[in-house]
Amino acid sequence: MRLREQGNAGGEVVTLGWDEAQTALRAGTHEVVDDADDGKAISGEKGPEPDAPVDDLDTKTKPELEALAAERGVDISKAKTKADVIEALRASK
Numbered sequence: 024m025r026l027r028e029q030g031n032a033g034g035e036v037v038t039l040g041w042d043e044a045q046t047a048l049r050a051g052t053h054e055v056v057d058d059a060d061d062g063k064a065i066s067g068e069k070g071p072e073p074d075a076p077v078d079d080l081d082t083k084t085k086p087e088l089e090a091l092a093a094e095r096g097v098d099i100s101k102a103k104t105k106a107d108v109i110e111a112l113r114a115s116k
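Just so we're on the same page, the numbering used here is the position in the sequence shown counted from 1, plus 23.
Put into structure tokens, the structure is as follows:
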């Protein structure tokens, strides 16, 4: 959780684990920081989306992916699904 010292609107924002944050909140020493408070930082559900892969592997067919793996020398012998092949290709980068 993102917290700052109680009553210090311009204070440093700290990120604490759940238990530590609950202890600080119960003690009244800190308050929760909303994303809107400082316009940046990440707090759980409102955090940014994970970066999308920069490749186009998801758009390729399994045979195309298998050919690409062969081209790159990536071992896909244990890959059973298209997702397995994609995972192997991405892991090899």
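The C-beta atom is built at its ideal place from N, Cα and C for all residues, glycine as well.
Ala92 is positioned such that its CB atom lies no closer than 9 Å to that of Ala114. In the three-state scheme derived from DSSP, where H, G and I count as helix and E and B as strand, Thr46 is classed as helix. For the set Met24, Gln45, Glu43 and Val56, the Cα lying nearest the Cα of Gly34 is the one of Val56. Listed as beta-bridge partners of Arg25 by DSSP are Thr38.
Between Arg49 and Val36, the C-beta spacing is not below 9 Å.
For Leu80 and Asp42, the gap between their C-alpha atoms comes out near 40 Å.
Residue pairing of Glu54 in beta bridges, as defined by DSSP: Arg27. Excluding sequence positions up to five before and after Thr38, its CB lies within less than 6 Å of the CB of Arg25, all in the same chain and listed in chain order.
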